[in-house]
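Have a look at the structure below, then the notes.
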């Protein structure tokens with residue numbers, strides 16, 4: 363199916379565990395983004411990528427790692443999950459100078 | 003100072019009224035501006051985008067941009083209860099980094 367998909371949709375993990383959230387887009391958009399959304403904070407940018415192998419930090423990158431070996435994939439890894447990383451995570455992709463398209467979101471709970 | 007600022011609301015308007023949502027941004031190099039709507043538990047979806055100073059109309063929605071004042075607004079005419087949602091302002095900065103405001107919650111009462 364064409365579009366942008368995130369997996370898993372829901373995840374519960376324990377404090378200290380490593381967890382990876384997946385994002386896949388079929389449009390070959392250059393830019394991809396990871397946001398987290400928490401009540402009162404809106405969408406905060408974690409990392410973004412301009413192309414394969416080009417990534418940069420956003421507003422809240424601490425505790426997260428990204429990679430982009432292929433244009434279509436942009437996984438987000440929490441190296442050692444903490445309760446403060448409980449959130450809804452959105453992946454998005456966009457071409458140059460147009461709007462971004464969002465995945466369905468991943469609801470992550472760290473216990 | 004946050005890069006994109008919005009009043010969190012809620013903004014309450016009666017059905018049929020005009021809802022006015024506002025957003026300011028800090029990066030003068032920003033080139034394009036977007037309004038997204040987000041229903042509870044859903045992903046953001048694009049309503050409108052605007053690149054040039056002035057007004058842009060699409061149905062009941064009008065986006066307004068003033069680059070000198072670093073100000074973007076969204077007007078919703080003839081507001082409907084189905085318009086009740088959170089409206090997110092997004093700014094495409096000079097490096098194509100898309101930054102969002104915290105969103106304004108709109109409540110339209112029948």
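Protein chains in written order, with this note's numbering: chain A, 363 to 473; chain B, 3 to 112.
Glycine included, each C-beta is placed from N, C-alpha and C at the ideal position.
Since we're looking at a predicted model, the values are computed, not measured.
Residue span of the beta strand (DSSP E) that contains residue 389 (chain A), given as start and end: Careful: residue 389 (chain A) lies outside any beta strand (DSSP E) and carries neither H nor E.
Check whether residue 450 (chain A) and residue 467 (chain A) have beta carbons under 7 Å apart: For the 7 Å CB-CB criterion, residue 450 (chain A) and residue 467 (chain A) form a contact.
Contact set between residue 104 (chain B) and chain A, taken where Cβ atoms lie within less than 8 Å: Ordered by position in chain A, the residues that pass the 8 Å Cβ test against residue 104 (chain B) are 402, 403, 404.
7 Å Cβ cutoff, residue 467 (chain A) in contact with chain B: Judged by the 7 Å Cβ criterion, residue 467 (chain A) is in contact with chain B.
Where residue 445 (chain A) falls, given that 16 or more other Cβ within 10 Å makes a residue buried: Exposed, because fewer than 16 other Cβ atoms sit within 10 Å of the Cβ of residue 445 (chain A).
Through-space distance from residue 390 (chain A) to residue 427 (chain A), alpha-carbon basis: Rounded to the nearest whole angstrom, the CA to CA distance from residue 427 (chain A) to residue 390 (chain A) is 22 Å.
Residues sharing a beta bridge with residue 40 (chain B), DSSP: For residue 40 (chain B), which the question treats as bridged, DSSP gives the partners B:88.
Other residues of its chain near residue 51 (chain B): CB distance less than 7 Å, five sequence neighbours each side excluded: Taking C-beta separations shorter than 7 Å and ignoring five residues to either side along the sequence, the partners of residue 51 (chain B) in its chain run 34, 35, 36, following chain order.
Local conformation of residue 16 (chain B) per DSSP, three classes: DSSP places residue 16 (chain B) in strand when its eight states are reduced to three.
Stretch-stretch touch, CB-based, cutoff 8 Å, three pairs: the region 398-406 of chain A with the region 416-434 of chain A: At 8 Å Cβ cutoff, the stretches touch.
Touching by the beta-carbon criterion (3+ pairs, under 8 Å), the region 410-419 of chain A and the region 429-440 of chain A: Taking 8 Å as the limit for Cβ pairs, the verdict is that the region 429-440 of chain A does touch the region 410-419 of chain A.
Simplified DSSP assignment, three categories, for residue 430 (chain A): Assignment of residue 430 (chain A) by DSSP, reduced to helix, strand and coil, places it in the coil class.
Short CB-CB distance (under 7 Å) between residue 100 (chain B) and chain A: Residue-level contact check: residue 100 (chain B) touches chain A, since one or more beta carbons of chain A fall below 7 Å from its beta carbon.
Proximal chain B residues relative to residue 456 (chain A), where beta-carbon distance stays under 9 Å: The answer, in chain order, is 94, 98, 100.
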